[in-house]
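First comes the structure, then the notes that go with it.
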Amino acid sequence: MQHEDTAKLEYALTHGNYKTRKLAAEALEHIAKPCSIPALLKCINDKVHNVSVACLNALERISPNDELIKTVVNRRFKWVNDIREKREKFEANKNVKYTIYRWRRTSKESFDRVKEQLKKPIR
């Protein structure tokens, strides 16, 4: 693609709706020109997560060896890694059964008491 097309995509990345911004970031990822790095860095903090993820993916592909971009991408994708770790931990402990009661069942006792009171006729 030509430089003019890159400028149009960068404009769409900053001024379009969220679908257009996401598609522009993906197109800039496929073009992989280093001149579009500043526009992608500006759009990392987009309100729509899909747009910011697309920008981070584009940055990661355009310059995988740049230390600054590596640290930015790792810090921004930290929330994704946290979600994955929580899901893996949940799946690992899914079949574990606890036989020890951690708290006294006072709520069950009060529920049974209310249930008995509701059985009585109203005067």
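Per numbering that gives the first Met the number 0, the very first residue in the sequence shown carries number 0; after that it's consecutive. We put the CB at the ideal spot given by N, CA and C, even for glycine.
8 Å Cβ cutoff met for residue i and residue j
i, j, result
"L58", "V72", "yes"
"T19", "A6", "no"
"I61", "P37", "no"
"T70", "C42", "no"
Whole-Å CB distance - residue i paired with residue j, under 8 Å assumed
i, j, result
"L40", "A23", "Not really, about 14 Å apart at Cβ, beyond 8 Å."
"N56", "E28", "6 Å"
Close-in-space but distant-in-sequence residues of the same chain around residue i (CB under 8 Å, 5 per side omitted)
i, result
"K21", "V47, N49, V50 and A53"
Own chain, CB closer than 7 Å to residue i, minus 5 neighbours either side, in chain order
i, result
"E87", "none"
Spatially closest choice to residue i from the options, by CA coordinates
i, options, result
"R75", "D65, N16 and N44", "N44"
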